[in-house]
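Below is one structure, written out as C-alpha cells, with a few remarks after it.
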Amino acid sequence: MTVKQRQIVPSGSFVVSGKHPLILDAYLGSCVGVALWDSEAGTGGIHHLLLPEPVDGGTPWQPEKYARTGLPLFIQALCDLGAQKNRLKATMAGGGLIGPASQMDLDMDIGGRTTEMACHLLEKAGIQVLKKEIGGYFTCRMSLDLSCGDTTITPVIFPDVSQNSLVPACPTPEQITETIQSIKPIPQIALKLLRMIHNDMNSLGDVAKEVRQDQVISAKVLKLCNSAMFSRKMNTDSIDRALILLGEKRFLLLVLSAAVDSGIFGYSTGYSLCRGGLYNHSLGMALACERLAKMRSNRISPAVAYTAGLLHDIGKVVLDQYVARGIPFFYRRILEDGEDLIAIEKECFDTTHAETGRTLAELWELPDILKEPIACHHEPESAQAHPELTHLVFLADLIQSRFTLGQDLEGMVTCRVAESLEVLGFSLKQLPALIDAASVIV
Ligand SMILES: [Fe+2]
Ligand SMILES: [Fe+2]
C-alpha cells in the first residue's frame, strides 16, 4: 500500500486542487476550517480561516484570512478548476476554546463568529454543509483526501509540556490512585471550617484571625462578600466588617467557599466549559442546595446542604486531566448526543468522579455526612445513611445542569426526579418553585 503524501494548509490561506493522490491537512484551534468538494468535477480544497471579517470593514492586505473576504475567493478558485457551486459539499471544523478559556474568550467567541460568517456565506452560495464539528475545548486536524474527496476530523492531543509528561488517554486504576494521592490536600482552614459547620460552632474569632493572615483567602472572601450572590452592594472592605454584616453562619460558609476555591479547584478543562467552571458550578450548587434545604423547613440543615453542594463534585478534580486529554469530544457526547456522563466515565476510566470523590473524602477525613452525597449524587437511590441529603444534591444538580448550562458538564438524567421528590417530601406541583430556587447562576 502506498502512503499518500500530506500537505498542510497554513492558517489564513486556502489550497485548491483537482483529483490527486494527496491529503490536505489543516490544524485548527480557534481557527475554522472549511473543506469543499465537488465529486463530479473531482475538485476540492481546504480553507483555513482565522477571523470572521476585517476589523475596519475595508479590503485587507491578506483577504484569505477572513471569512467574509476570503471564502468567496476560495469558492471562485474552485469554480475556476471546474467545480460548480451547486455541486459543492462542505465540511466544517475548529472554532474551539483553546487553553484555559476565560469569560472574555467566551464573550469574544472568535471561533463562533467566524463559523457564523462562513455558514452565512456558504448558504448564500447555495452550498450544503454535510458535517460540522465546531466548538469544544480541543485542537483538531481536518483532512481532505484529494483522491476521493473524503474528509476526516481528528482530535489532536498535545503532550503537557509544562509538566513535561504525557497524560495517558486511558489511565490504569494504579495511575488514578496515584493521581488521587498527588492531589493537593484540602486546606487546613477548610477542614477546620467544615468541622465547625458540622459540629459546634466555636472560636469564630480564631477563624477571622486566620483569614486576616491569609491574603489570598482574605481577598476571595471580600470578593465573594461584595458579589451579588451573597449581598447587595455591601461594599465590605474588611474581614471584621464582613463578619458583622454577614452574621457568623454566613461568614463561615463564605470563608469555606473561598478556602475551597484556593485549595482544590484549579483550571479544569475537561469537565468545564470555561475557566473556573468547576468552581462556579460548585458554588452555584452550594447555594442551590442551601435554598432547597430551607424549603424543607430545616429537615436538612441548610449549612450542611451548602457544604454538600460545594464539595459534591470533588472527584472531578482527579479525572479532569484525563477527560481533557483522553476524551476531547466529551462535551459533545453529553450535550449533543445526550450520553450519560457516568457511563462515559465508566467506559473510559473504569471508575467515576463520584467514586474518586468518595476516595478523596475518605483520604481528607471529611465529615461522614458529606461522603454519601459525594459518592452517590448521580445514583441517589444507593444512599443508605443520608438519603435525603443525597437526593437533595441530586435534585439541585439536575436543575443546575438543565437551567444553568454553560459552566460545567454533568448530563443528569430526569428519570429519578419522582423518587427524589418523594424522598424529600416535595410534591410535583412544587417543581417550578424548586427550579426557581435552585437555578442559581454564579
Ligand atoms: Fe457530579
Ligand atoms: Fe455537579
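Residue numbering for the sequence shown follows the numbering used here, beginning at 1 and increasing consecutively. Virtual Cβ for every residue (Gly too), placed ideally from N, Cα, C.
Contact defined as beta carbons within less than 8 Å: I believe residue i pairs with residue j. What is the distance between those atoms, to the nearest angstrom?
i: Ile176; j: Phe349; result: 7 Å
i: Leu395; j: Leu424; result: 7 Å
i: Gly96; j: Thr154; result: Wrong, their Cβ atoms sit about 13 Å apart, outside the cutoff.
i: Val318; j: Ile183; result: 6 Å
i: Leu353; j: Asp313; result: Checking the sequence, you will find His at residue 353 rather than Leu. About 6 Å separates the two Cβ atoms, so the contact holds.
i: Ala438; j: Leu292; result: 6 Å
i: Cys289; j: Ala303; result: Not really, about 10 Å apart at Cβ, beyond 8 Å.
i: Leu287; j: Met229; result: 7 Å
i: Ala77; j: Thr114; result: 19 Å between Cβ atoms; not a contact.
i: Gly18; j: Leu88; result: With a Cβ gap of about 14 Å, Gly18 and Leu88 do not count as contacting.
Tell me whether residue i sits in a helix, a strand or coil according to DSSP, three-state version.
i: Leu88; result: coil
i: Ala35; result: strand
i: Gly425; result: coil
i: Ser165; result: Low local confidence applies: a pLDDT of 44 at Ser165 is under 50, so the model's placement there is unreliable, with the coordinate-based value given in what follows. Looking at Ser165 - three-state DSSP - the assignment turns out to be strand.
i: His312; result: coil
i: Ile334; result: helix
i: Met285; result: helix
i: Gly12; result: coil
i: His391; result: helix
i: Leu81; result: coil
i: Arg296; result: coil
i: Glu365; result: coil
i: Leu28; result: strand
i: Gly45; result: strand
i: Phe158; result: In this predicted model, Phe158 has a pLDDT of only 49, less than 50, meaning its place in the structure is not dependable; the value taken from the coordinates is given anyway. Correct three-state label for Phe158: coil.
i: Gly406; result: Summary for Gly406: the model assigns pLDDT 49, below 50, so the residue's position carries little reliability, and this model does not support an answer.
i: Gly205; result: helix
i: Thr359; result: helix
i: Ser227; result: coil
i: Leu51; result: strand
i: Thr307; result: helix
i: Ser272; result: strand
i: Thr151; result: strand
i: Ala93; result: strand
i: Cys376; result: helix
i: Thr414; result: helix
i: Asn280; result: helix
i: Pro72; result: helix
i: Asp397; result: helix
Report the residue from the options whose alpha carbon sits nearest the alpha carbon of residue i.
i: Glu365; options: Val317, Leu389, Ile186, Tyr279; result: Ile186
i: Ala383; options: Thr414, Glu347, Ser420; result: Ser420
i: Pro171; options: Ser427, Glu345, Val417, Arg358; result: Glu345
i: Arg358; options: Gln321, Lys371, Pro367; result: Lys371
i: Gly247; options: Leu24, Cys225, Ala259; result: Cys225
i: Lys220; options: Arg250, Leu194, Ala258; result: Ala258
i: Gln134; options: Ile264, Ile127, Glu116, Ala125; result: Just to set this straight, residue 134 is Ile in the shown sequence, not Gln. When each option's Cα is compared against that of Ile134, the closest is Glu116.
i: Val16; options: Lys4, Leu121, Ser147; result: Ser147
i: Ile127; options: Met196, Ala343, Ala83, Asp150; result: Ala83
i: Ala324; options: Cys376, Lys223, Asn280, Tyr271; result: Tyr271
i: Ala308; options: Arg333, Pro373, Leu130; result: Pro373
i: Glu457; options: Asn199, Glu422, Lys192, Ser227; result: The chain is shown from 1 up to 442; residue 457 falls before or after that span and cannot be answered.
i: Leu360; options: His391, Ile264, Ser301; result: Ile264
i: Glu355; options: Lys124, Pro367, Cys376, Gly338; result: Cys376
i: Glu422; options: Gln400, Leu389, Asp436; result: Leu389
i: Ala118; options: Ile23, Arg141, Glu64; result: Glu64
i: Leu363; options: Gly112, Glu178, Leu278, Leu36; result: Glu178
i: Asp397; options: Phe330, Ala385, Asn280, Arg333; result: Asn280
i: Leu51; options: Gly12, Pro380, Ser227, Lys294; result: Gly12
i: Leu490; options: Gly112, Leu256, Ala93, Asp145; result: Here the chain has residues from 1 to 442 only, and residue 490 is not among them.
Does the beta carbon of residue i sit closer than 9 Å to a beta carbon anywhere in chain B?
i: His378; result: No chain B is part of this structure, which consists of one protein chain only.
Would you mind reading off the limits of the beta strand (DSSP E) that contains residue i?
i: Glu64; result: Taken as a continuous stretch (DSSP letters only), Glu64 belongs to no beta strand (DSSP E), as it is neither H nor E.
i: Ile8; result: 5-8
i: Gln430; result: Careful: Gln430 lies outside any beta strand (DSSP E) and carries neither H nor E.
i: Ser439; result: Taken as a continuous stretch (DSSP letters only), Ser439 belongs to no beta strand (DSSP E), as it is neither H nor E.
i: Thr139; result: 139-145
Any chance the CB of residue i is under 8 Å from a heavy atom of ligand 3?
i: Lys316; result: Looking for ligand 3 in the displayed structure turns up nothing; the ligands present are ligand 1 and ligand 2.
Terminal residues of the continuous alpha helix (DSSP H) containing residue i?
i: Met117; result: 110-124
i: Lys132; result: Lys132 -> not in any alpha helix (DSSP H); beta strand (DSSP E) instead, spanning 128-134.
i: Thr351; result: Neither: Thr351 is in no alpha helix (DSSP H) and is coded neither H nor E.
i: His20; result: His20 -> no alpha helix (DSSP H), and no H or E assigned at all.
i: Ile264; result: Here Ile264 belongs to no alpha helix (DSSP H), and DSSP marks it neither H nor E.
i: Glu178; result: 173-182
i: Val55; result: That residue, Val55, is in no alpha helix (DSSP H); it is neither H nor E in DSSP.
i: Ile197; result: 188-198
i: Arg241; result: 239-246
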